[in-house]
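Chemist: The structure's right below; bear with me while I get my questions together.
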Amino acid sequence: MFEWVHGLPILSLIAYVPLVGAAILLLLDGGRPALLRRFATGVALFDFFLSVPLWFAFDREGPLFQFVEDVPWIEAIGVRYQFGVDGIALLLVLLTTLLGVLAFLSSWSAIREREKEYYAFMLLLQTGMLGVFMAMDFFLFYVFWEVMLVPMYFLIGIWGGPRKLYAAIKFFLYTLAGSVLMLLGILALYFFNGEGLLGWQGLGNPASFSVLQFHEIASRIPPDLQFWIFLAFFVGFAIKVPMFPFHTWLPDAHVEAPTAGSVILAGVLLKMGTYGFVRFSLPILPEATVRLLPWMAGLAIIGILYGGLVAMAQKDMKKLVAYSSVSHLGFVMLGVFALNPAGLKGGVLQMINHGLSTGALFLLVGIVYERRHTRMIADYGGISKVMPVFATIFLIITLSSIGLPALNGFIGEFTILVGAFNRVWWWAVLAGLGIVLGAAYMLWMYQRVFFGPITHAENRELADLGRRELAYLLPLVLLCFWIGLYPRPFFAVLEKPVAYVAARVDPAFAVDVPADVASPDAGAEGEALQ
Amino acid sequence: MNGPFPGLAELAPLAPEIALGLLGCLLLVVGVLGRGPSHRLAASLALGAVGVAALCLALVAGRFTGGQVVLAGSFVLDRFALFWKALVLLATAFAVVVSVRFVAEGRYRPGEYYALLLLAGTGMLLMASGHNLLVLWISLELMALSSYVLAGYFREERRSQEAALKYFVLGAVSSGILLYGISLVYGSLGTLRLDEMAAAAAAPGAAASRLLAIGWILLLSGLLFKVAAVPFHVWTPDVYTGAPTPVTAFLAAGSKAISFALLARIFVQGLPALAGEWQLLLAVVSAVTMVWGNLAALTQRNVKRMLAYSSIAHAGYILLGLLAINRVGSWALLFYLLSYLFVTFGVFAVVIVLERREYAGETYEDYAGLARRAPFLAACLLVFLLALTGIPPTGGFVGKLYLFGAAVQAGWGWLAVVGVLMSALSLYYYFRLVVWMYQREATDATPVPLAARSLVGVIAVCAVMTLVLGILPGPFVALTQAAALPVP
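Taken in order, these protein sequences are the chains called A and B. Each number in this note's numbering corresponds to the 1-based position in the first sequence with 7 added. Each number in this note's numbering corresponds to the 1-based position in the second sequence with 13 added.
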């Protein structure tokens with residue numbers, strides 16, 4: 008039914024529809040905001056519908072990367088325009104297009120000035136993010152990775168809160184500083200693959216930035232070179248994730264960003280860091296990964312506990328959610344650095360889960376903020392009486408975020424803990440403490456905001472959710488339940504890429520994938536890939 | 014080659030220089046006759062002269078491509094030279110076009126202004142193909158003397174006078190140093206021809222000569238003055254702020270670029286045997302220049318001054334290309350300067366548009382709310398600033414990528430780290446301008462009149478080229494690779 012997508016450069020279409028939309032948007036009449044809103048949301052929706060067939064047409068048993076497009080771009084230096092998705096990227100692409108639509112819908116009432124520029128930047132941002140997940144050429148990847156910073160900078164810097172100028176430039180500077188170091192790492196790989204660099208004899212291959220080519224030569228990169236490249240990549244990705252101690256830009260950016268910006272930031276942007284680790288650091292630099300494993304896991308666990316503790320102390324709901332992201336992404340990193348299929352699978356799934364539930368949390372906070380213009384927990388209390396539907400959805404999302412069984416967070420965190428336990432048992436124990444912390448700060452916030460007497464008179468008049476608000480929250484709630492109750496389709500998509508990455512970084516998994524976390528044929532595939 | 018006067022046929026390779034120089038002199042003469050030509054006519058004549066020179070260049074390029082050394086070894090016509098000549102003509106043409114409004118509004122004679130631009134251009138053309146230290150020095154002086162006058166063109170403005178005087182005094186000192194260096198090099202190697210120099214320096218024992226060492230260090234210092242590298246940069250901020258902005262653009266894009274070409278020509282072709290030593294010195298200079306230029310730019314309150322320091326910082330990045338004059342560095346340098354030309358002219362053209370009086374458009378406040386008042390200008394300036402920072406999809410990114418790549422490849426990893434961190438830092442001061450344009454309300458809401466269509470045209474061309482160099486750099490990379498200086 009969806010075979011037709013194979014005949015199209017479908018990934019490019021998905022990536023550039025928002026760009027074209029932004030260009031058209033600029034031609035529209037700026038004096039008619041309703042038209043701008045509808046048009047931009049329409050473009051995002053169209054893009055989402057364009058991306059859905061990928062889910063059905065993606066062959067779970069097929070090659071690792073699918074829908075591949077590959078044409079020379081800058082031939083003189085071996086850069087190719089290479090798009091393709093594996094199971095991991097597929098999920099992230101779908102998450103991006105979905106959250107895009109919801110973020111646009113949520114902006115209708117939140118953004119009241121300079122709408123044309125706002126929607127143009129949002130669309131541009133979509134293109135950048137989609138490109139990051141689709142690129143199979145490191146150069147192309149880097150281009151999208153950086154291009155995306157510009158619209159995000161403006162979204163925070165123009166439509167943000169009172170300290171927007173500071174937050175926006177901090178976000179940009181931090182990320183840029185990380186990315187340029189990553190760029191040096193990319194260059195080092197590029198030269199090692201070709202003519203050689205510094206003191207290292209190159210492999211003499213034709214110039215290429217292809218990620219698969221780098222995967223190919225992984226085992227031939229000398230350990231000390233791997234170490235330096237790993238550090239360069241680490242700075243770039245860890246700032247993006249953000250891992251402790253590189254997280255300080257995140258609370259500022261989140262608190263000051265407009266709701267939609269926060270949703271995209273938490274839902275998609277942060278995933279680029281973890282995606283980078285899975286796609287590049289692990290398979291290209293396996294030896295360095297293993298060598299630095301204790302450090303990585305240590306930082307991840309510190310992130311989990313530190314994020315949780317700081318979240319507990321927050322008075323501002325948005326800031327609380329921001330710090331909870333630090334904690335949740337610590338989980339993702341822990342799963343990834345468990346370096347076994349269970350951990351990786353859980354880590355990737357938790358990226359999606361975090362996108363859904365934290366995205367939803369930011370949307371929810373945005374909804375009350377629009378009504379009351381405050382995000383302080385102390386300004387609320389007892390509002391479950393006046394906003395019952397809102398309170399219910401908020402509760403579901405809260406439970407999903409703290410990992411209650413039957414909801415998505417549980418599946419992700421549990422799988423991560425299995426993976427971490429298999430690697431070093433006490434990692435899982437420490438991370439388990441993080442779950443307890445998570446339950447504490449989320450439920451405590453919920454209690455203070457929704458239960459008890461209504462202490463502020465203004466809160467008596469709060470209107471419950473409107474239809475538009477329901478429309479952008481329900482899909483997230485449904486997905487939380489879907490992943491929580493029946494995660495199989497998601498794991499099925501991840502099976503192959505995860506086995507591939509695990510086998511690359513730890514040859515033990517090439518032949519012997521533990522039976523509890525893999526389908527029967529995963530072992531054979533791992534072998535074939537090796 | 015018989016007798017002191019070469020035949021006309023032998024002068025053919027110099028056709029572009031001769032054309033531009035003669036037409037420049039002609040314009041100078043016409044300019045002082047009676048009331049002189051109108052500013053419009055003068056500009057058209059100047060553009061015409063550049064056009065004629067370009068035509069000559071095209072003819073010459075068709076006939077001489079094999080790196081012929083002509084006129085008793087004084088000139089060389091290789092692809093490297095042809096590339097720079099094309100770049101110089103482009104810069105001169107841009108300079109003429111962005112000057113139109115300023116000359117029209119000024120109370121000064123248009124003829125001599127354009128004539129000086131053309132003469133500076135002639136000097137630069139000669140610099141591109143000089144193959145003899147003395148010829149190189151003379152062409153450098155032709156460019157420099159014309160620039161001194163141009164920098165002081167606002168005769169009635171004290172800042173312009175100050176700029177010209179500073180530029181002249183420091184420039185004269187640096188020329189002296191350069192000349193002294195040349196004489197010492199001549200004394201120890203016994204030749205001024207670059208190819209013979211290379212051979213003589215490679216001879217056993219030559220490299221150990223202390224005289225030669227002092228010579229090339231002085232030579233290098235003189236050239237580093239021209240490219241505005243620390244510690245020879247002190248003139249730059251004052252001259253950039255004081256000079257008329259079109260002249261500043263010409264200095265920042267044209268004069269700087271060709272000086273880098275000269276640096277590459279002399280040191281890579283003439284002294285490859287000493288590469289280990291001069292590269293070490295350049296590495297230190299490059300690091301200090303990147304750090305100092307960027308840190309100083311952070312604190313500036315005047316846009317032209319900020320751009321001056323940014324241009325110093327960029328000199329530091331560009332030096333990386335010379336350090337890594339292996340396969341990547343050789344063309345990364347050319348590519349970067351090509352993209353830098355468009356970016357620099359674009360930025361300064363925006364400043365010129367905003368200049369109401371002779372010195373407006375200089376403070377950050379002048380850019381407040383520009384996104385509302387002139388969305389097109391603001392968008393173009395955003396593109397230029399992204400390119401200066403080195404963010405894709407702009408030519409600045411591709412250029413920086415390969416400069417840093419070259420450094421990494423050639424073993425200057427620590428310099429590349431300094432470079433990328435500094436260029437990340439530069440975002441802060443470039444984006445201060447963006448903050449004013451996009452995130453602050455205008456103090457006066459009057460739309461900026463896009464009066465001079467030619468200026469807006471230059472800005473548009475530069476913005477488009479900056480993006481093209483970033484998105485489809487393929488043909489340009491191939492072009493610069495072909496034009497790269499052959500590395501011995």
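Just so you know, even glycine gets a beta-carbon here, dropped at the ideal spot from N, CA and C. Please read all numbers here as calculations on a predicted model, not as lab measurements.
For a test of the three-state rule: what should DSSP assign to residue 144 of chain A, helix, strand or coil?
Modeler: For this step, residue 144 of chain A is matched to residue 137 along the first sequence. The answer is strand: DSSP assigns residue 144 of chain A an E or B state.
Chemist: Could you name the residues of chain B that residue 194 of chain A contacts, counting a contact when the two beta carbons are closer than 7 Å?
Modeler: Counting from one through the first sequence, the residue named residue 194 of chain A turns up at place 187. Here the neighbours are 417, 418 and 421.
Chemist: Could you tell me the distance, in whole angstroms, from the CA atom of residue 134 of chain B to the CA atom of residue 332 of chain B?
Modeler: In the second sequence, residue 134 of chain B corresponds to position 121, counting from 1. In the second sequence, residue 332 of chain B corresponds to position 319, counting from 1. Straight-line Cα distance between these residues: approximately 23 Å.
Chemist: Leaving out the 5 sequence neighbours to the left and right, which residues in its chain are closer than 6 Å to residue 14 of chain B when beta-carbon positions are compared?
Modeler: For the purposes of this step, residue 14 of chain B is taken as residue 1 along the second sequence, with counting starting at 1. Residue confidence is low: residue 14 of chain B scores 44 on pLDDT, short of 50, so the model does not pin down where it sits. Its coordinate-derived value is still stated next. Result list for residue 14 of chain B: empty, nothing under 6 Å.
Chemist: Extract the residue ranges of the beta strand (DSSP E) inside the segment 392 to 439 of chain B, only unbroken runs of 3 or more that lie entirely within it.
Modeler: As far as the segment 392 to 439 of chain B is concerned, it has no whole beta strand (DSSP E) run of at least 3 residues.
Chemist: Under a three-way DSSP split, which group does residue 338 of chain B fall into?
Modeler: Counting from one through the second sequence, the residue named residue 338 of chain B turns up at place 325. It is coil, neither helix nor strand.
Chemist: Any beta carbon from chain B within less than 8 Å of residue 202 of chain A's own beta carbon?
Modeler: For the purposes of this step, residue 202 of chain A is taken as residue 195 along the first sequence, with counting starting at 1. With 8 Å as the cut-off, residue 202 of chain A counts as an interface residue toward chain B.
Chemist: Would you say the segment 372 to 387 of chain B touches the segment 336 to 343 of chain B, given that touching needs at least three Cβ pairs under 8 Å?
Modeler: Because the criterion of three Cβ pairs below 8 Å is not met, the segment 372 to 387 of chain B and the segment 336 to 343 of chain B do not touch.
Chemist: Could you tell me whether the Cβ of residue 176 of chain A comes closer than 8 Å to any Cβ of chain B?
Modeler: Counting from one through the first sequence, the residue named residue 176 of chain A turns up at place 169. Taking Cβ atoms only, chain B reaches closer than 8 Å to residue 176 of chain A, which makes this a yes.
Chemist: Mind pulling the chain A residues with CB within less than 8 Å of residue 399 of chain B?
Modeler: Position 386 of the second sequence, counting from 1, holds the residue named residue 399 of chain B. Going along chain A in sequence order, the residues near residue 399 of chain B (Cβ under 8 Å) are 157.
Chemist: List in chain order: all unbroken alpha helix (DSSP H) runs of 4+ residues lying wholly within the segment 239 to 293 of chain A.
Modeler: Correct list: 256 to 263, 266 to 271 and 277 to 283.
Chemist: Is the beta carbon of residue 154 of chain A less than 8 Å from the beta carbon of residue 405 of chain B?
Modeler: One-based indexing of the first sequence puts residue 154 of chain A at position 147. One-based indexing of the second sequence puts residue 405 of chain B at position 392. A contact, by the Cβ cut-off of 8 Å.
Chemist: Note down the Cα distance separating residue 441 of chain A from residue 136 of chain A, rounded to an integer number of angstroms.
Modeler: Taking the first sequence and counting its residues from 1, one reaches residue 441 of chain A at position 434. Taking the first sequence and counting its residues from 1, one reaches residue 136 of chain A at position 129. Approximately 29 Å between the Cα atoms of the pair.
Chemist: Measuring CB to CB, does residue 279 of chain A end up less than 8 Å from residue 240 of chain A?
Modeler: Looking up residue 279 of chain A in the first sequence gives position 272. Looking up residue 240 of chain A in the first sequence gives position 233. No. Outside cutoff.
Chemist: I think residue 187 of chain B touches residue 238 of chain B, with their Cβ atoms under 8 Å apart; what is that distance to the nearest whole Å?
Modeler: For the purposes of this step, residue 187 of chain B is taken as residue 174 along the second sequence, with counting starting at 1. For the purposes of this step, residue 238 of chain B is taken as residue 225 along the second sequence, with counting starting at 1. Yes, residue 187 of chain B and residue 238 of chain B are in contact; Cβ-Cβ is about 4 Å, under 8 Å.
Chemist: How many whole angstroms separate the CB atoms of residue 356 of chain B and residue 298 of chain B, which I take to be in contact at a CB cut-off of 8 Å?
Modeler: Along the second sequence, read from residue 1 onward, the residue named residue 356 of chain B stands at position 343. Along the second sequence, read from residue 1 onward, the residue named residue 298 of chain B stands at position 285. The pair is not a contact, with the Cβ atoms about 23 Å apart (cut-off 8 Å).
Chemist: From residue 311 of chain B to residue 266 of chain B, what distance separates their C-alpha atoms?
Modeler: Here the question's residue 311 of chain B lines up with position 298 in the second sequence. Here the question's residue 266 of chain B lines up with position 253 in the second sequence. Roughly 21 Å between the two C-alpha positions.
Chemist: Is it right to say residue 282 of chain B is buried, meaning 16 or more other beta carbons lie within 10 angstroms of its own, or is it exposed?
Modeler: In the second sequence, the residue the question calls residue 282 of chain B occupies position 269. With 16 or more other Cβ atoms within 10 Å, it is buried.
Chemist: What would DSSP say about residue 372 of chain B, mapped onto helix, strand or coil?
Modeler: Residue mapping note: residue 372 of chain B aligns to position 359 of the second sequence, counting from 1. Confidence in residue 372 of chain B is poor, its pLDDT being 49 and thus under 50, which makes the residue's placement unreliable; the coordinate value appears in the next sentence. Residue 372 of chain B: coil per DSSP, three-state reduction.
Chemist: Which whole-angstrom value describes the C-beta separation of residue 273 of chain B and residue 240 of chain B, a residue pair presumed to lie in contact below a C-beta threshold of 8 Å?
Modeler: If you number the second sequence from 1, residue 273 of chain B lands on position 260. If you number the second sequence from 1, residue 240 of chain B lands on position 227. That pair is a contact at about 6 Å.
Chemist: So which residues of chain A does residue 433 of chain B contact, with C-beta pairs closer than 7 Å?
Modeler: Sequence index remark: in the second sequence, residue 433 of chain B carries index 420 (1-based). 187, 188, 190 and 191, listed in chain order.
Chemist: Can you list, in chain order, the residues of its chain with a C-beta nearer than 7 Å to that of residue 452 of chain A? Leave out the 5 residues immediately preceding and following it.
Modeler: In the first sequence, the residue the question calls residue 452 of chain A occupies position 445. Around residue 452 of chain A: 324, 327 and 384.
Chemist: Can you find a CB in chain C that lies within less than 8 Å of the CB of residue 348 of chain B?
Modeler: Chain labels in this structure do not include chain C; the protein chains are A and B.
Chemist: In the DSSP output, what is residue 83 of chain B paired with across the bridge?
Modeler: Locating residue 83 of chain B in the second sequence gives position 70, where the first residue counts as 1. Paired residue(s): B:88.
Chemist: What does residue 79 of chain A pair with, by DSSP beta-bridge criteria?
Modeler: Taking the first sequence and counting its residues from 1, the one referred to as residue 79 of chain A is at position 72. Answer is A:87, bridged to residue 79 of chain A.
Chemist: Would you mind giving the Cβ-Cβ distance between residue 78 of chain A and residue 143 of chain A, rounded to the nearest angstrom? I have them listed as a contact below 8 Å.
Modeler: If you number the first sequence from 1, residue 78 of chain A lands on position 71. If you number the first sequence from 1, residue 143 of chain A lands on position 136. With 8 Å as the limit, residue 78 of chain A and residue 143 of chain A do not qualify as a contact, their Cβ atoms being about 12 Å apart.
Chemist: Anything in chain B within Cβ reach of residue 32 of chain A, meaning under 7 Å, just list it in chain order.
Modeler: Reading the first sequence from its first residue, position 25 is the one you call residue 32 of chain A. What residue 32 of chain A touches in chain B: nothing, since even the nearest Cβ is about 14 Å away.
Chemist: Does residue 32 of chain B come out as helix, strand or coil in the three-state DSSP assignment?
Modeler: Numbered from its first residue, the second sequence carries residue 32 of chain B at position 19. Here residue 32 of chain B sits in helix by DSSP.
Chemist: With C-beta atoms as the reference, is residue 128 of chain A less than 8 Å away from residue 162 of chain A?
Modeler: The sequence position of residue 128 of chain A within the first sequence is 121, counting from 1. The sequence position of residue 162 of chain A within the first sequence is 155, counting from 1. For residue 128 of chain A and residue 162 of chain A, yes; Cβs fall inside 8 Å.
Chemist: Whole-angstrom Cβ separation of residue 491 of chain B and residue 385 of chain B, contact assumed at under 8 Å?
Modeler: As a working mapping, residue 491 of chain B is identified with position 478 in the second sequence. As a working mapping, residue 385 of chain B is identified with position 372 in the second sequence. With 8 Å as the limit, residue 491 of chain B and residue 385 of chain B do not qualify as a contact, their Cβ atoms being about 41 Å apart.
Chemist: With H, G and I counted as helix, E and B as strand and the rest as coil, what does DSSP make of residue 206 of chain B?
Modeler: Along the second sequence, read from residue 1 onward, the residue named residue 206 of chain B stands at position 193. Note: residue 206 of chain B maps to strand in three-state DSSP.
Chemist: When the cut-off is 8 Å and only beta carbons count, does residue 451 of chain B lie next to chain A?
Modeler: For the purposes of this step, residue 451 of chain B is taken as residue 438 along the second sequence, with counting starting at 1. Judged by the 8 Å Cβ criterion, residue 451 of chain B is in contact with chain A.
Chemist: Measure the C-alpha to C-alpha separation of residue 513 of chain A and residue 431 of chain A and round it to an integer number of angstroms.
Modeler: For this step, residue 513 of chain A is matched to residue 506 along the first sequence. For this step, residue 431 of chain A is matched to residue 424 along the first sequence. C-alpha separation (whole angstroms): 15 Å.
Chemist: Expressed to the nearest angstrom, what Euclidean distance is found between the alpha-carbon atoms of residue 370 of chain B and residue 249 of chain B?
Modeler: Here residue 370 of chain B refers to the residue found at position 357 of the second sequence. Here residue 249 of chain B refers to the residue found at position 236 of the second sequence. With a pLDDT of only 49 at residue 370 of chain B, under the threshold of 50, the placement of this residue in the model should not be trusted; the figure read from the coordinates follows. Approximately 22 Å between the Cα atoms of the pair.
Chemist: My output table needs one value for residue 323 of chain A: the three-state DSSP class, helix, strand or coil.
Modeler: Indexing the first sequence from 1 puts residue 323 of chain A at position 316. Three-state result, residue 323 of chain A: strand.
Chemist: Can you name the residues that DSSP bridges to residue 432 of chain A?
Modeler: Counting from one through the first sequence, the residue named residue 432 of chain A turns up at place 425. In DSSP, residue 432 of chain A forms no bridge with anything.
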